[in-house]
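Residue numbers (the numbering used here): -2 to 65.
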(Lines of atoms letter the chains of each structure in order from A and count residues from 1; the text may use other names and numbers.)
(Lines give C-alpha, C1' and ligand atoms only; values in the text may rest on other atoms or scores of the structure.)
Protein backbone atom coordinates (compact mmCIF):
# COMPACT_ATOMS: atom_id res chain seq x y z
CA UNK A 1 0.00 0.00 0.00
CA UNK A 2 1.24 3.45 -0.89
CA UNK A 3 2.18 6.07 1.68
CA UNK A 4 0.69 8.81 -0.51
CA UNK A 5 -2.41 9.48 1.66
CA UNK A 6 -0.22 9.89 4.75
CA UNK A 7 2.15 12.17 2.85
CA UNK A 8 -0.76 14.30 1.62
CA UNK A 9 -2.12 14.64 5.17
CA UNK A 10 1.29 15.72 6.46
CA UNK A 11 1.68 18.22 3.62
CA UNK A 12 -1.77 19.64 4.37
CA UNK A 13 -0.94 20.01 8.06
CA UNK A 14 2.33 21.76 7.23
CA UNK A 15 0.55 24.19 4.90
CA UNK A 16 -2.05 24.88 7.58
CA UNK A 17 0.62 25.68 10.16
CA UNK A 18 2.51 27.89 7.70
CA UNK A 19 -0.71 29.73 6.89
CA UNK A 20 -1.32 30.49 10.55
CA UNK A 21 2.29 31.59 11.02
CA UNK A 22 2.07 33.96 8.07
CA UNK A 23 -1.25 35.37 9.25
CA UNK A 24 -0.33 35.98 12.89
CA UNK A 25 3.39 36.75 12.79
CA UNK A 26 5.62 39.08 10.81
CA UNK A 27 6.57 36.15 8.55
CA UNK A 28 5.33 37.19 5.12
CA UNK A 29 5.79 40.92 5.67
CA UNK A 30 9.57 41.15 5.71
CA UNK A 31 11.65 43.96 4.22
CA UNK A 32 12.26 43.00 0.61
CA UNK A 33 8.76 41.63 0.00
CA UNK A 34 7.07 43.41 -2.90
CA UNK A 35 3.65 44.96 -2.25
CA UNK A 36 1.92 47.08 -4.90
CA UNK A 37 -1.42 48.62 -3.89
CA UNK A 38 -3.68 50.19 -6.50
CA UNK A 39 -7.21 51.57 -6.16
CA UNK A 40 -9.06 48.27 -5.82
CA UNK A 41 -6.35 45.62 -6.11
CA UNK A 42 -3.18 44.54 -4.35
CA UNK A 43 -0.23 42.61 -5.76
CA UNK A 44 1.94 40.85 -3.20
CA UNK A 45 5.13 38.90 -3.94
CA UNK A 46 7.05 37.67 -0.84
CA UNK A 47 10.62 37.68 -2.18
CA UNK A 48 12.51 37.64 1.13
CA UNK A 49 10.02 35.29 2.76
CA UNK A 50 10.52 32.85 -0.12
CA UNK A 51 14.30 33.05 0.16
CA UNK A 52 14.24 32.46 3.92
CA UNK A 53 11.79 29.56 3.56
CA UNK A 54 14.01 28.03 0.86
CA UNK A 55 17.14 28.25 3.01
CA UNK A 56 15.38 26.80 6.08
CA UNK A 57 13.83 23.93 4.10
CA UNK A 58 17.17 23.20 2.40
CA UNK A 59 18.88 22.97 5.78
CA UNK A 60 16.14 20.70 7.17
CA UNK A 61 16.32 18.34 4.18
CA UNK A 62 20.13 18.35 4.31
CA UNK A 63 20.08 17.37 7.98
CA UNK A 64 17.46 14.67 7.36
CA UNK A 65 19.52 13.33 4.46
CA UNK A 66 22.68 13.15 6.57
CA UNK A 67 20.97 10.92 9.18
CA UNK A 68 19.42 8.47 6.68
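Even glycine gets a Cβ: it sits at the ideal position worked out from N, Cα and C. Remember, it's a predicted structure, so these values are computed and weren't measured experimentally.
- Minimum Cα-Cα distance from residue 41 among the listed residues 55, 49, 50, 26 corresponds to 26.
- Between the segment 12 to 31 and the segment 40 to 58, the count of C-beta pairs closer than 8 Å reaches three or more; the two stretches touch.
- The C-alpha of residue 36 lies about 49 Å from the C-alpha of residue -1.
- Secondary structure note for residue 3: its alpha helix (DSSP H) is the uninterrupted segment 1 to 21.
- Under the three-state reduction of DSSP output, residue 64 falls in the coil class, being neither helix nor strand.
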